[in-house]
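Note sheet for the following structure.
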Amino acid sequence: MIAIVETVMFMLAVLAAVAVAAKRLNIAPSILLVVAGLGMALIPGLPKVTLAPEVVLLVILPPLIYSAGVSMSWRDFKFNLRPIALLAFGCVLFTTCAVAAAAHYVLGFDWSVGFLLGAIISPTDVVAPLAIARKLGIPRRIVVVLEGEGLANDATALVLYRFAVVAVSTGTFSLGHASMTFGAIVGGEIAYGLAIGWLSLRLRQWAHDPRVEITLSLMTPYVAFWVPAHLGGSGVLATVACGLYVSWVGPRLIAFATRLQGIFFWDLIVYLIEGFVFLVTGLQARTLIEQTHVFSIRELLIATALSTLIAIVARFVWVFPATYIPRWASTSLAQRDPLPPWKSVFFLAFTGIRGVDSLAVALAIPYAVVSGAPFPHRDLILFVTFGVIIITLIVQGAMLPSMVRWLGLNRLASKERVDEIQAELAARQAALEQVSKRLQKVIDERELPGEVIELLRTRNESREQILPDNLQDSLQQMRISAAVKKELIDTERDFIYELLRDGKITDEARRRIEYELDLEEASVANRAQDGGGWF
6 MIAIVETVMF
16 MLAVLAAVAV
26 AAKRLNIAPS
36 ILLVVAGLGM
46 ALIPGLPKVT
56 LAPEVVLLVI
66 LPPLIYSAGV
76 SMSWRDFKFN
86 LRPIALLAFG
96 CVLFTTCAVA
106 AAAHYVLGFD
116 WSVGFLLGAI
126 ISPTDVVAPL
136 AIARKLGIPR
146 RIVVVLEGEG
156 LANDATALVL
166 YRFAVVAVST
176 GTFSLGHASM
186 TFGAIVGGEI
196 AYGLAIGWLS
206 LRLRQWAHDP
216 RVEITLSLMT
226 PYVAFWVPAH
236 LGGSGVLATV
246 ACGLYVSWVG
256 PRLIAFATRL
266 QGIFFWDLIV
276 YLIEGFVFLV
286 TGLQARTLIE
296 QTHVFSIREL
306 LIATALSTLI
316 AIVARFVWVF
326 PATYIPRWAS
336 TSLAQRDPLP
346 PWKSVFFLAF
356 TGIRGVDSLA
366 VALAIPYAVV
376 SGAPFPHRDL
386 ILFVTFGVII
396 ITLIVQGAML
406 PSMVRWLGLN
416 RLASKERVDE
426 IQAELAARQA
436 ALEQVSKRLQ
446 KVIDERELPG
456 EVIELLRTRN
466 ESREQILPDN
476 LQDSLQQMRI
486 SAAVKKELID
496 TERDFIYELL
506 RDGKITDEAR
516 RRIEYELDLE
526 EASVANRAQD
536 GGGWF
């Protein structure tokens, strides 16, 4: 037990150190964490960290999927449902078939084993590409499609994986039965996930306690995931549906105190889980190398290079036709959703990074088939899966910043950002006008003291004053204003501590004042982030 605690503490220290180094080197932390894990795995004497597949699938994956679903806009998801579905279902199936064909004809695998390998490495990761892409300044629609694909494609891959394992183990496969089962899983999981989302919000309304509500929010993804997974489904679609429901309905039902505390809690949880995922992925190198000693270096390299190449090329082959053909075939679709720039399509095709969920699924392959014989090519599939993850994450991930600059996507994102800020400013102004009308109606209907009326009007006026008249001028103004306000808040906070040391106020009074200053500082930082943005 002590050794486990020491290992966890050591990994936390590595996680913090890598985060600091990544910020100084301007490199994605996910890439450095995997590299650090690889280096640690090869250090003699360090304890071996083995990744249990059930830990990834049943413990790590649910909160990551749920958090991504909650943070995603339901409107954006619904508008982009067609490209998301084409990637999450169509591209996964196409890639699985392409990898299966290559494994059969080049590597000599049976078709069922080839389909198993394809199902494992076909889905892109939900964590890695977004952890990198969000920092690059790319158009929002690309982020939404990548996030939606990463949320849903695991469900397709997990179902294909289970069909392939049954086919390898028993030697039988029924396409009709598999299709009906897949349809039942999709419909059943979506309905179940929506029901869990509805129940979770109702329970949180009854609780009226932020600590209880946050505890319920932590339980929600596991309830949504575990039941379908236990019944033979994937659990992924149920968790996605649950998260999207909470995202759409929750803002009107969740109390402000819960929301403020929940944002910090979930941000920390997701940060730690993602960091451990990348670090542990690299740490699996020693275990996989030990298991594949019966294969020659040539066999391992050929199988890994071929599988990686097919997985990357298959995504390009699928993405471009899936983008253009529907619009060529449907005039109404082309008018409703015009053809995106080829640069956006190319970046979407290039961003096919695989992650730890693929490795967890590979580790869950049985050791033997029904007859008792060893599962064919199990260790080789494990090594190939690990190789595909490492190559796509480190090589493709490291190339993403250069790819964004080469394609000019950051310029498109900058223009999009300006339009977004303008729309937000207009919405804020319109909302304050509605508030002013409501305030005047309240004043006319009720007998309010003059001091109260003045305070309420001052509140509205102060909120109107933070809205700039000119967008371009506001960017620099917000930077200057944020810096000065931060200095004023620090001055007030230092003075309050002096009063506390002198015994002129109590700790309870200091905490109340400090809480208000923290909220004000958070508000200033929120308005000024991204060089003057208003998100």
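Position in the sequence shown (from 1) plus 5 gives the number in this note's numbering. No residue lacks a Cβ here, since even glycine has one placed at the ideal position from N, Cα and C.
Query	Result
Using only CA atoms, which one of A436, I370, R462, V529 lies nearest to V170?	I370
Does DSSP put P454 in a helix, a strand or coil?	coil
With a Cβ-Cβ cutoff of 8 Å, do L135 and P406 count as a contact?	no
Using only alpha-carbon positions, find the residue among F120, V149, T225 that is nearest to L165.	F120
Tell me the residue span of the alpha helix (DSSP H) that contains N158.	145 to 175
Return the chain-ordered list of same chain residues with a C-beta closer than 7 Å to the C-beta of L338, the five sequence neighbours on each side being excluded.	P331, R332
Could you pull out every residue in the same chain whose Cβ sits closer than 8 Å to the Cβ of D535, ignoring the five residues on either side in sequence?	Residue confidence is low: D535 scores 48 on pLDDT, short of 50, so the model does not pin down where it sits. No coordinate-derived value is stated.
So who's on the other strand from A373, going by DSSP bridges?	P379
By Cβ distance, which residues of its chain are closer than 6 Å to G240, with the 5 residues on each side in sequence left out?	F230, P233, A234
Expressed to the nearest angstrom, what Euclidean distance is found between the alpha-carbon atoms of L368 and V173?	16 Å
Helix, strand or coil, according to DSSP, for V228 in the structure here?	helix
Buried or exposed for V131, going by 16 or more other Cβ atoms inside 10 Å?	buried
Under the rule that 16 or more other beta-carbon atoms within 10 Å means buried, what is Y502, buried or exposed?	exposed
Specify the secondary structure class of K348 as computed by DSSP and reduced to three states.	helix
Where T292 and A530 are concerned, what is the direct C-alpha to C-alpha distance, given to the nearest angstrom?	45 Å
Can you tell me which of R320, S419, G360 puts its alpha carbon nearest to the alpha carbon of F352?	R320
If you drop the 5 nearest sequence neighbours on each side, which residues of the same chain put their C-beta closer than 6 Å to that of A160?	S239, V241, L242
With distances taken between CB atoms, is the gap from I137 to R359 smaller than 8 Å?	no
Span of the alpha helix (DSSP H) holding S239?	Careful: S239 lies outside any alpha helix (DSSP H) and carries neither H nor E.
If we call anything under 8 Å between Cβ atoms a contact, is D512 one with L505?	yes
Look at L56 and D362 and say whether their C-beta atoms are less than 8 Å apart.	no
Within this structure, are the beta carbons of Y276 and G202 separated by less than 8 Å?	no
Could you check if G413 is buried or exposed, using at least 16 other CB atoms within 10 Å of its CB as the buried criterion?	exposed
Which ranges does the alpha helix (DSSP H) cover as unbroken runs of at least 4 residues, wholly within the region 36 to 64, from first to last along the chain?	none
Given that a residue counts as buried once 16 or more other Cβ atoms are within 10 Å of its Cβ, and exposed if not, what is E20?	Before going on, a small fix: residue 20 reads as Leu here, not Glu. So L20 counts as buried.
Does the region 29 to 41 come close enough to the region 276 to 289 to have 3 or more Cβ pairs within less than 8 Å?	yes
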